[in-house]
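In what follows, a single structure is set out as structure tokens and then discussed.
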């Protein structure tokens, strides 16, 4: 029983943190086009790119604001802008952010209208996000099925504890039963990540 509890205790926080991270990235994805628009407006108003980054850091909510704040502070403290932007792309593993970093760095090397580039990128990001939302709607059934399948064994175990506790207690007090529970938890965890991978569609 202690082994089962320890294994379960290790997996639950990991899955919780993974879900929190995914939710934060989704919020960043939703806010990113607005941040690009703000950057473009600031540059058109005559501000330098670094100053525009600071405006995004001050005006945008979590998580875009704090991420841009980190990037702004890094380059203010002497880190080359290229390294600071690459750090942003590493912290936020989104294709849109990589597009943004690449576009800014290329513009700094070759020249061009950065405000127009950012406007075009914001439009592309919005269109991709529309498609992504449609994909999420179509895969909602698969996600729901995955959550039900994950919860079903635990729900059945709880029901059996009330219906026939002597039988279910064998799983927790006998060595073979404990090994079966551990195996079930491991397979459930593998199945959870497998389902996430199957319904994850890159746009």
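Numbering (our numbering), first residue to last: 119 to 321. We put the CB at the ideal spot given by N, CA and C, even for glycine.
Less than 7 Å between C-beta atoms, sequence neighbours within five positions excluded: which residues of the same chain meet that for residue i?
i	result
residue 175	183, 186, 187, 190
residue 200	223
residue 295	288, 289
Thinking C-beta only, is residue j closer than 7 Å to residue i?
i	j	result
residue 239	residue 258	no
residue 153	residue 178	yes
residue 181	residue 145	yes
residue 151	residue 244	yes
Assign residue i to one of three DSSP states: helix, strand, or coil.
i	result
residue 173	helix
residue 163	coil
residue 210	coil
residue 183	helix
residue 230	coil
residue 307	helix
residue 198	coil
residue 294	helix
residue 287	helix
residue 282	coil
residue 268	helix
residue 257	coil
Quick one: what's got a C-beta closer than 8 Å to residue i's C-beta in the same chain, skipping five residues either side?
i	result
residue 278	285, 286
residue 271	302, 306
residue 156	170, 173, 174, 177, 178
residue 140	none
residue 192	201, 202, 205
residue 133	307, 310
residue 149	178, 179, 181, 182
For chain B, is any of its Cβ atoms less than 7 Å away from the one on residue i?
i	result
residue 219	Of the chains in the structure shown, none is chain B; there is only one protein chain.
For residue i, which residues of its own chain have a beta-carbon under 6 Å away from its beta-carbon, when the five flanking residues on both sides are left out?
i	result
residue 233	158, 161, 162
residue 236	154, 157, 158
residue 198	none
Kindly give me the distance between the Cβ atoms of residue i and residue j, rounded to whole angstroms, as I take these residues to be in contact under 8 Å.
i	j	result
residue 267	residue 309	7 Å
residue 147	residue 214	7 Å
residue 250	residue 143	That pair is no contact at about 12 Å.
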